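Encoded as structure tokens, the structure appears first; notes follow it.
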Amino acid sequence: MKTLQRVLAIVGGAFLIGTVQAVVFGPVTLEPANLTEGTGEVKGNPIRISEVPKEETAQDHDPLPGKPTELSKNGLTVAYTGTNTDPLLDAPVPEGSLTLRQAKELWDKSAYFIDARHEHEFEAGHIQYAAFLESKLFDTDIARANAVMDSIPVDGTIVLYCVGGECDASKNTAALLEQYGYSDLRIMGAGYEHWVAAGFETATGSDGGTP
Amino acid sequence: MSDSKPGAKLWAESILLQLPLRVGLGGVFTFAAYTKIGSTQSFANAIKGFRIVDADKYGHLIVVAAYTMPWIEMIAGVLLVLGLWSRASAVAIQIMLIAFIAALIHVILDESISADCSCFGDMNLVCESTVGWCQVIRNSILLVPCSYLVWRQGGLLALDRVFRDKSVGNEPEWTVDRE
Numbered sequence: 021m022k023t024l025q026r027v028l029a030i031v032g033g034a035f036l037i038g039t040v041q042a043v044v045f046g047p048v049t050l051e052p053a054n055l056t057e058g059t060g061e062v063k064g065n066p067i068r069i070s071e072v073p074k075e076e077t078a079q080d081h082d083p084l085p086g087k088p089t090e091l092s093k094n095g096l097t098v099a100y101t102g103t104n105t106d107p108l109l110d111a112p113v114p115e116g117s118l119t120l121r122q123a124k125e126l127w128d129k130s131a132y133f134i135d136a137r138h139e140h141e142f143e144a145g146h147i148q149y150a151a152f153l154e155s156k157l158f159d160t161d162i163a164r165a166n167a168v169m170d171s172i173p174v175d176g177t178i179v180l181y182c183v184g185g186e187c188d189a190s191k192n193t194a195a196l197l198e199q200y201g202y203s204d205l206r207i208m209g210a211g212y213e214h215w216v217a218a219g220f221e222t223a224t225g226s227d228g229g230t231p
Numbered sequence: 172m173s174d175s176k177p178g179a180k181l182w183a184e185s186i187l188l189q190l191p192l193r194v195g196l197g198g199v200f201t202f203a204a205y206t207k208i209g210s211t212q213s214f215a216n217a218i219k220g221f222r223i224v225d226a227d228k229y230g231h232l233i234v235v236a237a238y239t240m241p242w243i244e245m246i247a248g249v250l251l252v253l254g255l256w257s258r259a260s261a262v263a264i265q266i267m268l269i270a271f272i273a274a275l276i277h278v279i280l281d282e283s284i285s286a287d288c289s290c291f292g293d294m295n296l297v298c299e300s301t302v303g304w305c306q307v308i309r310n311s312i313l314l315v316p317c318s319y320l321v322w323r324q325g326g327l328l329a330l331d332r333v334f335r336d337k338s339v340g341n342e343p344e345w346t347v348d349r350e
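So the protein sequences, as listed, match chains A and B. For any residue, its number in the numbering used here is found by taking its place in the first sequence, counting from 1, and adding 20. For any residue, its number in the numbering used here is found by taking its place in the second sequence, counting from 1, and adding 171.
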């Protein structure tokens with residue numbers, strides 16, 4: 021009986037201290053960010069707009085046979101309906117997020133890309149010009165998060181991605197960016213692996229990722 | 172009065188088993204708590220990622236858990252290291268380990284979920300950050316010393332022995348904790 025009382029005392033004490041912590045340091049938020057859908061009205065990186073040559077666009081991309089099997093990861097299924105659709109570029113994505121084709125279109129328009137995966141995954145390979153900004157950085161290394169945010173205007177078009185499917189990492193980072201005033205936040209529903217499978221531009225290394 | 176003194180066997184058990192297990196297990200949980208207490212937002216996101224409850228409907232439960240669980244780990248871990256309320260601390264840790272294992276298995280069996288453990292905040296101890304069987308095995312291994320401490324308590328070198336309830340009486344002095 022005494023053990024039960026003591027266990028409850030430990031839990032109660034933890035609850036009280038946690039409450040004080042929440043009051044002193046402010047509560048956490050689980051509210052999802054208000055996301056922008058589609059590819060309209062892009063405010064991209066002016067440096068990239070002037071630098072990036074015309075490269076292969078999503079429209080130029082040929083359908084890739086055999087990819088539907090890969091896309092069955094993370095619960096996604098591929099519905100190839102035929103006319104003017106590509107099983108990879110137009111694969112179904114979670115509601116409110118961008119297909120691979122839309123994401124590539126935004127990339128071509130020099131939108132800011134943010135990689136919300138783990139740092140080792142970012143270093144192994146990321147979308148070209150993407151910046152690394154995992155949501156944990158806001159807790160563990162705010163200076164680094166600020167450095168990334170300093171390079172992106174608050175009204176810039178930001179496309180966030182992670183491993184695709186139902187991964188939460190990009191949504192978590194988007195929710196935090198919204199708190200810092202960013203308003204044009206879009207989620208790439210397809211993951212990095214799909215970007216690679218499509219043969220689009222990538223980069224490697226620990227480059228902080230000037231967008 | 173010869174039976175009022177702890178025997179050599181009890182001293183050996185306390186020094187060779189109970190003390191290192193208390194310090195080790197308590198230290199692991201104290202460290203795990205330390206990595207999470209300063210990263211509550213990340214920990215809340217990690218709990219949400221496990222999809223045990225619907226974050227839209229029961230987000231407040233996730234927030235409460237994100238603030239409370241690290242402090243349970245901290246308090247139970249420190250108490251276990253000190254040997255104070257040893258059995259209760261070990262029980263609290265045991266309950267958490269069982270809950271963690273159940274949550275991990277839930278994520279592993281649901282292939283649509285890709286979640287991070289965040290067991291040690293931003294650090295990876297033994298296992299990768301992505302939830303997998305490694306974490307289940309690690310936590311199952313931690314259950315062994317934990318269960319031993321629930322059974323045998325803190326030992327002769329625990330503070331329980333100093334602060335034991337003397338009012339009960341009629342028991343040998345080396346009795347560590349009366350439950």
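Backbone N, C-alpha and C fix where the C-beta goes; we use that ideal spot for every residue, glycine too. Values in this document were obtained by computation on a predicted structure and should not be read as measured data.
Which same chain residues end up closer than 7 angstroms to residue i when comparing Cβ atoms and leaving out the 5 residues on each side of it in sequence?
| i | result |
| --- | --- |
| Y202(A) | V174, I178 |
| F158(A) | A165, L196 |
| F220(A) | K124 |
| G220(B) | A286, D287 |
| I223(B) | A274, H277 |
Indicate whether at least one CB of chain D lies closer than 7 angstroms to the CB of residue i.
| i | result |
| --- | --- |
| T201(B) | Of the protein chains in this structure, namely A and B, none is chain D. |
So, does the CB of residue i fall closer than 7 angstroms to a CB anywhere in chain B?
| i | result |
| --- | --- |
| V168(A) | no |
| N54(A) | no |
| R26(A) | yes |
| S117(A) | no |
| D161(A) | no |
| D188(A) | yes |
| A144(A) | no |
| E192(A) | The question names Glu, but residue 192(A) is Asn in the sequence shown. By this cut-off, N192(A) is an interface position. |
| L50(A) | yes |
| G38(A) | yes |
| I30(A) | yes |
| G33(A) | yes |
| A165(A) | no |
| A42(A) | yes |
| S203(A) | no |
| K63(A) | no |
| K124(A) | no |
| T23(A) | yes |
| S130(A) | no |
| S171(A) | no |
Between residue i and chain A, is there a C-beta pair that is closer than 7 angstroms?
| i | result |
| --- | --- |
| Y205(B) | no |
| W322(B) | no |
| K228(B) | no |
| Q212(B) | yes |
| Y319(B) | no |
| D331(B) | no |
| D225(B) | no |
| A217(B) | no |
| D293(B) | yes |
| W242(B) | yes |
| W256(B) | yes |
| S285(B) | yes |
| M247(B) | Note on identity: in this sequence residue 247(B) is Ala, with Met being the wrong assignment. It does; some Cβ of chain A falls within 7 angstroms. |
| V307(B) | no |
The alpha helix (DSSP H) that contains residue i, what's its start and end?
| i | result |
| --- | --- |
| R206(A) | That residue, R206(A), is in no alpha helix (DSSP H); its beta strand (DSSP E) goes 205–207. |
| V48(A) | No alpha helix (DSSP H) contains V48(A), which DSSP labels as neither H nor E. |
| E139(A) | 139–144 |
| N54(A) | Unbroken run through N54(A): none, as it is neither H nor E. |
| N65(A) | Counting along the chain, N65(A) falls outside any alpha helix (DSSP H), and DSSP gives it neither H nor E. |
| F371(B) | Residue 371(B) lies beyond the range of chain B shown here (172 to 350); nothing can be said about it. |
| C317(B) | 304–323 |
| V333(B) | 330–333 |
What are the start and end residues of the beta strand (DSSP E) that includes residue i?
| i | result |
| --- | --- |
| F133(A) | 132–135 |
| I178(A) | 178–181 |
I believe residue i touches residue j by the beta-carbon criterion, under 8 angstroms. Please report the beta-carbon distance rounded to the nearest angstrom.
| i | j | result |
| --- | --- | --- |
| A223(A) | H146(A) | 6 angstroms |
| V194(B) | V252(B) | 5 angstroms |
| L50(A) | A226(B) | 5 angstroms |
| L181(B) | L320(B) | At roughly 15 angstroms, the Cβ-Cβ gap does not stay under 8 angstroms, so L181(B) and L320(B) are not in contact. |
| K156(A) | D293(B) | 5 angstroms |
Looking only at its chain, what residues have a beta carbon closer than 6 angstroms to the beta carbon of residue i, apart from the 5 residues adjacent to it on each side?
| i | result |
| --- | --- |
| D135(A) | F142, H146, A150, F152 |
| G211(A) | V183, G184 |
| A163(A) | none |
For residue i, which residues from the same chain have a beta carbon less than 8 angstroms from its beta carbon, with the 5 sequence-adjacent residues on both sides left out?
| i | result |
| --- | --- |
| Y200(A) | M169, V174 |
| I279(B) | V302, G303, W304, V307 |
| V44(A) | none |
| N205(A) | Residue identity check: residue 205(A) is Leu in the sequence provided, not Asn. Only A53, N54, L55, T56, I178, L180, A194, L197, E198 meet the Cβ criterion. |
| Y238(B) | T211 |
| D188(A) | C182 |
Practice prompt. Would you check if there are 3 or more beta carbon pairs closer than 8 angstroms linking the region 263–272 of chain B to the region 207–215 of chain B?
Written response: Inter-segment contact for the region 263–272 of chain B and the region 207–215 of chain B is absent: fewer than three beta-carbon pairs are separated by less than 8 angstroms.
Fill in: Touch test, the region 123–133 of chain A against the region 48–67 of chain A, Cβ-Cβ under 8 angstroms, three pairs minimum
Yes, since at least three Cβ pairs between the region 123–133 of chain A and the region 48–67 of chain A fall closer than 8 angstroms, the two stretches touch.
Practice prompt. Assess, as a yes-or-no matter, whether the region 294–306 of chain B is touched by the region 237–253 of chain B under the definition of 3 or more beta carbon pairs within less than 8 angstroms.
Written response: No contact exists between the region 237–253 of chain B and the region 294–306 of chain B.
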